[in-house]
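Novice: Following the numbering used here, the numbering of the sequence shown begins with 995 at its first residue and continues without gaps.
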Amino acid sequence: MKKTTNVFLMILYVIVAILLVVFIAQNWQPVNINVLGLKVEGRSFIVFLVIFALGFFSGWFWSYLRHSRKAMEEKKHSGRVKYSEE
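1. Excluding five sequence neighbours on each side, which residues of the same chain lie with their C-beta closer than 6 Å to the C-beta of V1034?
2. Could you check the C-alpha separation between F1039 and R1063 for me, to the nearest Å?
3. Which whole runs of the beta strand (DSSP E) in the segment 1029-1072 are 3 residues long or more, in chain order?
4. In angstroms, rounded to a whole number, what distance separates the CA positions of E1067 and R1060?
Next up, the structure:
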């Protein structure tokens, strides 16, 4: 079972690598971006990867804040006695 899983993962990694190479090859041309007066020039695949990374990390940070706030509230309320209605 473990060997078939390893083969499946290897095939999946190769497919992802091929798709990444195709993505880079098709998006090699330079692009200009103007945001709030800031002008940036770069290859389009780099721009796409930066935008993806910014979205990923902002989502991760939002989730981290939510979970840390929830943990703080649970810690604050853990000292109270909870009564159940039976």
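Heads up, the beta-carbon is just placed ideally off N, CA and C, and yes, glycines get one too.
Specialist: Well, looking at it:
1. Counting from one through the sequence shown, the residue named residue 1034 turns up at place 40. Only I1027 meet the Cβ criterion.
2. For this step, residue 1039 is matched to residue 45 along the sequence shown. For this step, residue 1063 is matched to residue 69 along the sequence shown. Rounded to the nearest angstrom, the two C-alpha atoms are 36 Å apart.
3. The segment 1029-1072 contains these whole beta strand (DSSP E) runs: 1032-1037.
4. By 1-based counting over the sequence shown, the position of residue 1067 is 73. By 1-based counting over the sequence shown, the position of residue 1060 is 66. A direct Cα-Cα distance of roughly 11 Å separates E1067 from R1060.
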